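Chemist: Each residue of the sequence shown is one higher than the last, beginning at 86 in the numbering used here. The beta carbon of each residue, even a glycine, is placed where N, CA and C say it ideally should be. None of the values given here were measured: they were computed from a predicted structure. One structure coming up, written as structure tokens, with questions to follow.
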Amino acid sequence: MKILTLTFLTCARKSCKPEPTSYPLHPTSAELEIIPVDFNPLFLRALLPRLDWPTLRILCEAFGLPGLQEEAPEEDALFLQPEEGGAMEDVEVQGEKGKEVVEDVEKKGEEETREASQLAKDLHHLLLETTMQEGKLVCGCCGHEYAVKEGIANFLLPAHLV
Numbered sequence: 086m087k088i089l090t091l092t093f094l095t096c097a098r099k100s101c102k103p104e105p106t107s108y109p110l111h112p113t114s115a116e117l118e119i120i121p122v123d124f125n126p127l128f129l130r131a132l133l134p135r136l137d138w139p140t141l142r143i144l145c146e147a148f149g150l151p152g153l154q155e156e157a158p159e160e161d162a163l164f165l166q167p168e169e170g171g172a173m174e175d176v177e178v179q180g181e182k183g184k185e186v187v188e189d190v191e192k193k194g195e196e197e198t199r200e201a202s203q204l205a206k207d208l209h210h211l212l213l214e215t216t217m218q219e220g221k222l223v224c225g226c227c228g229h230e231y232a233v234k235e236g237i238a239n240f241l242l243p244a245h246l247v
């Protein structure tokens, strides 16, 4: 189970849903594994505004991973600024339509060719490559433990807890 997935999980008991202590689930006896995943900077850029940064900090602390900064980074911090002098600079363009096409190509090319910063690579490594293979996820409200085996959490509740 990826660290990214853990930032979304909450206790399955109905009585825990309204309680703020039921989120996030706290990992214990966790066995982490690194599984390489292709780096996708556009995915990371789209994910950053949706990421619950305080929860990610709590999970990193629970796993004993290096601490994260207090505030979530800005999108611009994920990518290094491109050098001046793009490839389309020497192209001769005729007409208004041609200028629009060149501008669109430059925009798309700039986003795809901007080099990722070390912060982006570290976030990718933490969120998408670091997985919890074995262990337990504990609800802070009711104390119920959800077993994690082979990277899959068992969220089925016994009949008396449903």
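#1: Please go through the same chain and pick out, in chain order, the residues whose beta-carbon is closer than 8 angstroms to the beta-carbon of residue 237, but skip the five residues on each side of it.
#2: Assuming residue 127 and residue 109 form a contact by the criterion Cβ under 8 angstroms, report the distance between their Cβ atoms to the nearest whole angstrom.
#3: With respect to the alpha helix (DSSP H) encompassing residue 117, which residues constitute its N-terminal and C-terminal limits?
#4: To the nearest angstrom, report how far apart residue 226 and residue 113 are at their CA atoms.
#5: In terms of residues, what are the limits of the alpha helix (DSSP H) holding residue 255?
#6: How far does the beta strand (DSSP E) with residue 234 in it extend, from its first residue to its last?
#7: Quick one: what does DSSP say residue 93 is sitting in, helix, strand or coil?
#8: Does the beta-carbon distance from residue 119 to residue 217 come in below 9 angstroms?
#9: Hey, how far is the Cα of residue 104 from the Cα of residue 93?
#10: Would you please state the rounded distance, in angstroms, between the beta carbons of residue 162 and residue 211? I believe it to be under 8 angstroms.
#11: Nearest to residue 221 by CA position, among 96, 143 and 232, is which residue?
#12: Verify whether the separation of the beta carbon atoms of residue 115 and residue 157 is less than 9 angstroms.
#13: Taking only three categories from DSSP, how would you classify residue 206?
#14: Drop a sphere of 10 angstroms on the beta-carbon of residue 107, count the other beta-carbons inside from all chains shown, and report buried for 16 or more, exposed for fewer.
#15: Taking all protein chains shown into account, decide if residue 229 is buried (16 or more other Cβ within 10 angstroms of its Cβ) or exposed.
#16: Under 8 angstroms by Cβ, that's how I've got residue 209 and residue 129 pegged, so tell me the actual separation to the nearest angstrom.
#17: Is the CB-CB distance between residue 133 and residue 215 below 9 angstroms?
Modeler: Reading from the atomic positions:
#1: Reading the sequence shown from its first residue, position 152 is the one you call residue 237. Result list for residue 237: 86, in chain order.
#2: Position 42 of the sequence shown, counted from the start, is the residue given in the question as residue 127. Position 24 of the sequence shown, counted from the start, is the residue given in the question as residue 109. Not a contact, Cβ separation roughly 26 angstroms.
#3: By 1-based counting over the sequence shown, the position of residue 117 is 32. No alpha helix (DSSP H) holds residue 117; the beta strand (DSSP E) holding it covers 111-119.
#4: For the purposes of this step, residue 226 is identified with residue 141 of the sequence shown, where counting begins at 1. For the purposes of this step, residue 113 is identified with residue 28 of the sequence shown, where counting begins at 1. C-alpha separation (whole angstroms): 15 angstroms.
#5: No answer is possible for residue 255: it lies beyond the span of the chain, which begins at 86 and ends at 247.
#6: Taking the sequence shown and counting its residues from 1, the one referred to as residue 234 is at position 149. Its beta strand (DSSP E) spans residues 230-234.
#7: Start at 1 with the first residue of the sequence shown, and residue 93 comes out as number 8. Residue 93 carries a coil assignment under DSSP once its states are collapsed to helix, strand and coil.
#8: Within the sequence shown, numbered from 1, the residue matching residue 119 stands at position 34. Within the sequence shown, numbered from 1, the residue matching residue 217 stands at position 132. Not a contact, by the Cβ cut-off of 9 angstroms.
#9: The residue given as residue 104 occupies position 19 in the sequence shown. The residue given as residue 93 occupies position 8 in the sequence shown. Each residue's Cα considered, the two are about 15 angstroms apart.
#10: The residue you call residue 162 lines up with position 77 of the sequence shown. The residue you call residue 211 lines up with position 126 of the sequence shown. Not a contact, Cβ separation roughly 15 angstroms.
#11: Within the sequence shown, residue 221 is the residue found at index 136, counting from 1. Checking every option, the nearest Cα to that of residue 221 belongs to 232.
#12: As a first step, residue 115 is located in the sequence shown; it is residue number 30 there, counting from the start. As a first step, residue 157 is located in the sequence shown; it is residue number 72 there, counting from the start. Against a cut-off of 9 angstroms, the Cβ pair of residue 157 and residue 115 comes out as no contact.
#13: The residue you call residue 206 lines up with position 121 of the sequence shown. DSSP places residue 206 in the helix class (H, G or I) of the three-state scheme.
#14: The count along the sequence shown starts at 1 and reaches residue 107 at position 22. Buried: at least 16 other Cβ atoms inside 10 Å.
#15: One-based indexing of the sequence shown puts residue 229 at position 144. When all chains shown are included, residue 229 counts as buried.
#16: If you number the sequence shown from 1, residue 209 lands on position 124. If you number the sequence shown from 1, residue 129 lands on position 44. About 6 angstroms separates the two Cβ atoms, so the contact holds.
#17: In the sequence shown, the residue the question calls residue 133 occupies position 48. In the sequence shown, the residue the question calls residue 215 occupies position 130. No. Outside cutoff.
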